[in-house]
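Here's the structure we're looking at; comments come further down.
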Amino acid sequence: MEQSQVTFRRILLKLSGEALMGDGDYGIDPAVIRRIAQEIHDLASKGVQIGLVLGGGNIFRGAGLAQGGMDRVTGDQMGMLATVINSLAMQDAVEKCGSQCRVMSALKINEVCEDYIRRRAIRHLEKGRVAIFAAGTGNPFFTTDSAASLRAIEIGAEIMLKATKVDGVYTDDPVTNPDARRYDRLGYDEAIGKKLAVMDTTALVLCRDHGMPVRVFNLHTAGNLVRVVTGEDVGTLVE
Ligand code: UDP
-18 MEQSQVTFRR
-8 ILLKLSGEAL
2 MGDGDYGIDP
12 AVIRRIAQEI
22 HDLASKGVQI
32 GLVLGGGNIF
42 RGAGLAQGGM
52 DRVTGDQMGM
62 LATVINSLAM
72 QDAVEKCGSQ
82 CRVMSALKIN
92 EVCEDYIRRR
102 AIRHLEKGRV
112 AIFAAGTGNP
122 FFTTDSAASL
132 RAIEIGAEIM
142 LKATKVDGVY
152 TDDPVTNPDA
162 RRYDRLGYDE
172 AIGKKLAVMD
182 TTALVLCRDH
192 GMPVRVFNLH
202 TAGNLVRVVT
212 GEDVGTLVE
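According to the numbering used here, the sequence shown is numbered sequentially starting from -18.
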C-alpha cells in the first residue's frame, strides 16, 4: 500500500476485548495481539494517524459482575481497569513491531501510563505515535463503544472503525438466521430504531449528533484494516 492510496489520515479504531482472546474464553492470546499489532504498525508506517480504544470484556464487564452480586460501580471500575491491562499489552505488541505508542488513561494511573489529555493526544498522533485511549470514558455505566465515539470526535478522526467478528451489520443474527442480509450502508436512526447490533445507543447518538461515520468490519479477515483505510467498501458504513 502506497501512502497516496490512503483515504483516511486519522482514524479511531475500536476493538472489543474479545477480539484479543482468539479461541480462548478469557484473557489475551499473544499470537492474536501480535497479528493485530502488526496490522496497526503497517498502517502507521504509511502515515495513518491511529487512535485506538480497546474494550475489557475479555477480562471483566461491570454488568456481568453486578449480576453475580457485586456493586455495579465497583464492577465498572474493574472493567475500566481491564481495558488498561489490554491497552498495556497492545502498547507492548505495537512497539515490538517498531511503531511508537502511548497509552493514555481516563483514570489516573500515572505509574503505568499517561493521563488522557486531548491536546497531548493530538500531539502524539501528529508525531506518528499510536495513541491508545484506556479506561473508557473514566465513568461507570458507559461502554468502551461510547468511549470510542467520544475520542473519535475529540481527536477529529475522519472515521471510526468498529472491528467485530462478523462482516458488518445484518438485518438479523446471521449465525441463527440464514436469510439475514448484510447492510452496505445504514443511517444512524435506522440502526438505533431497529436496535441493530452496531453499538449501544449512547455511542450511536454521539456519532450521529457529531456526524462521525462508523464502519463496522470483520477484523479476522486478514488485510481488512488496510482495505478499509484505502477506502474499499468493506462491511457496513453507518452514516
Ligand atoms: N466501562 C465503564 N465505563 C466506560 C467504559 C467501560 O464502566 O466508559 C466498564 C464497563 O463495566 C464495561 C467494561 O468496562 O463492561 C469493559 O468495557 P466493554 O464492555 O465496553 O468492553 P468490550 O465489550 O468492548 O470488550
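The beta-carbon is built from N, C-alpha and C at its ideal position, and this holds for glycine as well.
Distance between residue j and residue i (C-alpha atoms, nearest Å)
i	j	result
residue 216	residue 204	13 Å
residue 46	residue 1	20 Å
residue 122	residue 148	28 Å
residue -14	residue 56	44 Å
residue 70	residue -4	13 Å
residue 76	residue 23	12 Å
residue 41	residue 11	19 Å
residue 163	residue 191	25 Å
residue -6	residue 6	23 Å
residue 52	residue 90	22 Å
residue 175	residue 153	10 Å
residue 137	residue 103	9 Å
residue 88	residue 66	13 Å
Residue i: CB within 7 Å of a non-hydrogen atom of the ligand UDP
i	result
residue 121	yes
residue 117	yes
residue 61	yes
residue -1	yes
residue 124	yes
residue 57	yes
residue 43	yes
residue 138	no
residue 39	yes
residue 182	no
residue 161	no
residue 36	yes
residue 144	no
Given residue i as reference, the closest of the options once Cα atoms are compared
i	options	result
residue 186	165, 144, 130, 198	130
residue 32	97, 112, 126	112
residue 165	105, 150, 106, 23	150
residue 26	194, 79, 119, 174	79
residue 167	220, 3, 51, 13	220
residue 169	152, 162, 188, 160	188
residue 36	98, -6, -2	-2
residue 194	152, 161, 133, 160	133
residue 30	7, 108, 10, 198	108
residue 100	14, 34, 135, 28	135
residue 72	62, 88, 83, 105	83
Anticipated Cβ contact below 8 Å, residue i with residue j, distance rounded
i	j	result
residue 43	residue 60	5 Å
residue -8	residue 142	6 Å
residue -10	residue 139	7 Å
residue 34	residue 125	6 Å
Opposing strand residues paired with residue i [DSSP bridges]
i	result
residue 199	145
residue 31	-8
residue 114	34, 85
Residue i at chain C interface by Cβ criterion, 8 Å
i	result
residue 92	Among the protein chains of the structure shown there is no chain C, as only one such chain exists.
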